[in-house]
Amino acid sequence: MDTDLIQQRLSELTRAHGVPGAQFAVHRHGRTWTCAVGEASTGTPLTDDAAVPIGSITKTFTATVVMALVSDGDLELDAPLSDHLPELRRVASDLGTQLTARHLLSHTGGLPSDPEDAHGTSLRRHVLEAFRTLEPLHRPGAGFSYSNIGYVLLGHLIEVLTGMSWWEAVDSVLLRPLGVPARFTVGPGADPAVVPGHAVHPRTRRVVPVRQSLALVDAPAGALAASATDLLALGRMLGGGAPPLVAPEDLVLMRTPVRHAEPFGMADGWGLGMALWQRDGSTWVGHDGNGDGTSCHLRINPEDGTVVALTTNGSSGLPLWRRLVPELAEAGVPVGDYDGFRNLARRIPPPPDCTGSFLNGDTEYAVRAADREHLVLTVDGEPFADLSLFDGLVFAMRDSDTGDTSQTGRFLRNPRDGGIEWIQIGGRLARRQVPEMA
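In my numbering, the protein residues as written are 4 to 441.
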């Protein structure tokens with residue numbers, strides 16, 4: 004492992020992408036190495052132990068608490084959630100009796116990403132109000148659609164089963180045994196010393212500090228702040244190391260691909276609380292996360308115990324990560340990551356039924372034809388990307404703001420009538436609502 008090369012390239016890439024600072028940590032072949040480059044904020048160096056908002060990597064922490072409850076016999080993965088949450092049966096009778104913890108952990112519950120509004124300060128009230136009106140994207144278990152509200156529901160389930168708040172349960176069940184400080188961006192454990200995120204203008208590289216805007220009731224889906232070293236502690240445990248907080252057979256379940264969980268545009272598969280990526284015959288697991296102005300990444304190879312973590316406090320941290328991954332291989336640390344372009348084969352003209360309006364919760368994805376070869380995508384009326392279609396209804400995306408061409412998505416047909424019914428972008432499904440009028 005060439006640590007000098009890693010630190011050199013990390014420093015160069017932070018400058019190239021306008022990222023104020025980054026932390027990197029790796030555990031490989033029994034050795035742990037960490038480094039931090041750049042600044043936490045203007046004039047303040049970023050240290051190895053500083054806490055960066057890790058966004059959706061919080062979901063893996065929430066999932067690990069759930070799996071600890073499974074290991075202890077307090078929860079069955081395939082039992083209806085309404086067994087523990089009878090109020091769910093009252094507000095959403097069919098869905099409440101069909102959904103299971105396995106569905107929520109693997110994003111196969113058919114739930115939209117977010118409900119229209121955040122209701123109150125209680126996870127319980129937020130979940131119940133959301134389930135009164137949400138429109139499922141498909142029946143539970145039939146497909147994959149990344150869902151924040153599903154993890155908020157898991158947070159409420161944790162509260163019911165443990166008698167603690169989600170914040171208390173994450174701390175007592177997971178963080179303290181791992182030796183990780185409990186630091187959150189919102190709620191009773193909110194830490195004012197959390198590293199601020201920064202918005203980086205894609206063209207001018209102007210950097211502006213931003214506040215974290217996560218709603219209190221969305222905490223189980225994204226409220227944790229952690230250092231790269233903290234993420235290493237979680238990753239080593241999930242890879243089978245100490246402390247043994249989840250039974251070995253349940254750790255294997257977390258790392259096993261779930262049937263029908265196809266997170267196109269995000270990863271090669273999905274387990275219980277973790278994404279899966281293939282590289283050189285090995286399966287890597289982990290999660291990515293974005294806070295306001297932050298981008299963070301966790302990768303675990305259970306076969307050899309390698310764990311890699313990166314935190315950045317700039318909104319351009321994702322392209323930095325993508326540039327860093329091949330550099331890590333050169334430095335002796337090959338890491339699994341997603342490459343949607345390996346699915347692109349032959350360009351095809353867009354079928355007429357690609358166009359129209361697709362909904363995920365209250366988010367509208369509208370597709371229209373730009374010409375015979377290209378489509379234009381808007382999200383809630385705002386320009387989002389130009390689409391070029393390939394075999395299998397897979398498309399490459401050119402970002403309307405940045406010109407970035409690294410993202411892919413796809414259209415999906417209804418197996419009953421063959422018509423295009425869904426669009427999938429960033430792992431999220433949106434279902435056709437109103438066909439475009441001729």
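Where is the CB? At the ideal position from N, CA and C, for every residue including glycine.
Leu-49 and Val-220 closer than 9 Å at C-beta: Position 46 of the sequence shown, counted from the first residue, corresponds to residue 49. Position 217 of the sequence shown, counted from the first residue, corresponds to residue 220. No, Cβ-Cβ distance for Leu-49 and Val-220 is not below 9 Å.
Sufficient close CB pairs (3 or more, under 8 Å) joining the region 222-230 to the region 56-69: yes
Val-163 versus Glu-306, Gln-281, Val-130, residue with shortest Cα-Cα distance: Along the sequence shown, one-based indexing puts residue 163 at 160. Among Glu-306, Gln-281, Val-130, the Cα nearest to that of Val-163 belongs to Val-130.
Nearest-angstrom Cβ-Cβ length linking Val-213 and Asp-295, presumed shorter than 8 Å: Position 210 of the sequence shown holds residue 213. Position 292 of the sequence shown holds residue 295. Confirmed, Cβ separation roughly 5 Å.
Asn-417 classed as buried or exposed, judged by whether at least 16 other C-beta atoms fall within 10 angstroms: Taking the sequence shown and counting its residues from 1, one reaches residue 417 at position 414. It is exposed - the Cβ of Asn-417 has fewer than 16 other Cβ atoms within 10 Å.
Distance between beta carbons of Gly-113 and Ala-145, contact taken as under 8 Å: The residue labelled residue 145 in the question sits at position 142 within the sequence shown. The residue labelled residue 113 in the question sits at position 110 within the sequence shown. About 7 Å; that satisfies the 8 Å criterion.
Extent of the continuous beta strand (DSSP E) to which Asn-363 belongs: Within the sequence shown, numbered from 1, the residue matching residue 363 stands at position 360. It spans 359-363 - the beta strand (DSSP E) in which Asn-363 sits, taken as one unbroken run.
Selection from Cys-299, Arg-18, Asn-304, Gly-274 that minimises the alpha carbon distance to Asp-283: As a working note, residue 283 is residue 280 in the sequence shown. Selected option, being the one with the closest Cα: Asn-304.
Exposure of Arg-105, with buried meaning 16 or more beta-carbon neighbours within 10 Å: Taking the sequence shown and counting its residues from 1, one reaches residue 105 at position 102. Per the 10 Å Cβ criterion, buried.
Which of helix, strand or coil DSSP assigns to Asp-404: The count along the sequence shown starts at 1 and reaches residue 404 at position 401. Coil, per DSSP.
C-alpha gap between Met-440 and Ser-109, whole angstroms: One-based indexing of the sequence shown puts residue 440 at position 437. One-based indexing of the sequence shown puts residue 109 at position 106. Low per-residue confidence applies at Met-440: pLDDT is 46, beneath 50, and the placement is therefore not dependable, though the value from the model is reported in the following sentence. Each residue's Cα considered, the two are about 36 Å apart.
CB contact flag (Met-400, Gly-412, <9 Å): Locating residue 400 in the sequence shown gives position 397, where the first residue counts as 1. Locating residue 412 in the sequence shown gives position 409, where the first residue counts as 1. Their beta carbons are under 9 Å apart, which means Met-400 touches Gly-412 by this criterion.
Contact under 9 Å by Cβ, His-30 with Gly-317: Here residue 30 refers to the residue found at position 27 of the sequence shown. Here residue 317 refers to the residue found at position 314 of the sequence shown. For His-30 and Gly-317, no; Cβs fall outside 9 Å.
Length of the line joining the Cα atoms of Leu-237 and Cys-38: Start at 1 with the first residue of the sequence shown, and residue 237 comes out as number 234. Start at 1 with the first residue of the sequence shown, and residue 38 comes out as number 35. Cα to Cα, Leu-237 sits roughly 18 Å from Cys-38.
Closest Cα partner of Gly-406 within the set Ile-428, Asp-389, Gly-153, Ser-150: Locating residue 406 in the sequence shown gives position 403, where the first residue counts as 1. Comparing Cα positions, the closest option is Asp-389.
Pair within 9 Å by beta-carbon distance, Leu-234 and Leu-13: The residue labelled residue 234 in the question sits at position 231 within the sequence shown. The residue labelled residue 13 in the question sits at position 10 within the sequence shown. Their beta carbons are not under 9 Å apart, which means Leu-234 does not touch Leu-13 by this criterion.
Coil, strand or helix - Tyr-154 by DSSP: Indexing the sequence shown from 1 puts residue 154 at position 151. Three-state DSSP puts Tyr-154 in a helix.
Of the residues Thr-61, Thr-315, Arg-434, Leu-126, the one placed nearest Leu-91, counting alpha carbons only: By one-based count along the sequence shown, residue 91 stands at place 88. If we check each option's Cα against that of Leu-91, Leu-126 comes out closest.
Continuous alpha helix (DSSP H) stretch holding Val-73: start and end: Within the sequence shown, residue 73 is the residue found at index 70, counting from 1. From DSSP, the alpha helix (DSSP H) with Val-73 extends over 61-74.
Sequence-distant residues of its chain with Cβ nearer than 6 Å to Ile-161 (five each side left out): Locating residue 161 in the sequence shown gives position 158, counting from the first residue. The answer, listed in chain order, is Val-68, Trp-169, Ala-172.
Rounded straight-line distance, which links the Cα of Pro-246 to that of Leu-181: Within the sequence shown, numbered from 1, the residue matching residue 181 stands at position 178. Within the sequence shown, numbered from 1, the residue matching residue 246 stands at position 243. If I take the Cα positions, the gap works out to 7 Å.
Cut-off 6 Å between Cβ atoms - residues of its own chain near Gly-292, not counting five sequence neighbours on either side: Residue 292 sits at position 289 when you count from the first residue of the sequence shown. Excluding sequence neighbours, Gly-292 sits near Ile-57, Gly-58, Ser-59, Ile-60, Cys-299.
Proximal residues to Gln-281 (C-beta, below 7 Å), its chain only, five neighbours per side dropped: Residue 281 sits at position 278 when you count from the first residue of the sequence shown. Counting only Cβ-Cβ distances below 7 Å, and skipping sequence neighbours, we find Asp-271, Gly-339.
C-beta atoms of Gln-10 and Phe-27 nearer than 9 Å: Locating residue 10 in the sequence shown gives position 7, counting from the first residue. Locating residue 27 in the sequence shown gives position 24, counting from the first residue. Contact: yes.
Candidates Leu-392, Gly-364, Arg-375, Val-370: closest to Ser-116 by CA position: By one-based count along the sequence shown, residue 116 stands at place 113. Closest option to Ser-116, Cα to Cα, is Gly-364.
Reference Pro-352; option with closest CA among Leu-331, Arg-262, Ser-391, Ser-148: On the sequence shown, residue 352 is found 349 positions in, with the first residue counted as 1. Ranking the options by Cα distance to Pro-352, first place goes to Ser-391.
Leu-98 Cβ short of 8 Å to the ligand NAP heavy atom set: With respect to small molecules bound, the structure shown includes none, and the ligand NAP cannot be examined in it.
CA nearest to the CA of Arg-431, picked from Thr-314, Asp-420, Ser-74, Phe-414: Taking the sequence shown and counting its residues from 1, the one referred to as residue 431 is at position 428. It is Phe-414.
His-159 and Pro-223 closer than 9 Å at C-beta: Locating residue 159 in the sequence shown gives position 156, where the first residue counts as 1. Locating residue 223 in the sequence shown gives position 220, where the first residue counts as 1. Yes, they are a contact pair.
Euclidean distance between Cα positions of Leu-241 and Thr-6: One-based indexing of the sequence shown puts residue 241 at position 238. One-based indexing of the sequence shown puts residue 6 at position 3. Distance between the alpha carbons of Leu-241 and Thr-6 is about 24 Å.
Residue range of the unbroken alpha helix (DSSP H) whose run includes Phe-267: Mapped onto the sequence shown, residue 267 falls at position 264. Where Phe-267 is concerned, there is no enclosing alpha helix (DSSP H), given that its DSSP letter is neither H nor E.
Beta strand (DSSP E) runs contained entirely in the region 76-158, provided each spans 3 or more residues: none
Buried/exposed call for Val-266, threshold 16 Cβ in 10 Å: Taking the sequence shown and counting its residues from 1, the one referred to as residue 266 is at position 263. The question names Val, yet the displayed sequence has Pro at residue 266. With 16 or more Cβ atoms within 10 Å of its Cβ, Pro-266 is classed as buried.
Boundaries (first-last residue) of the beta strand (DSSP E) holding Ser-44: The residue given as residue 44 occupies position 41 in the sequence shown. From DSSP, the beta strand (DSSP E) with Ser-44 extends over 34-44.
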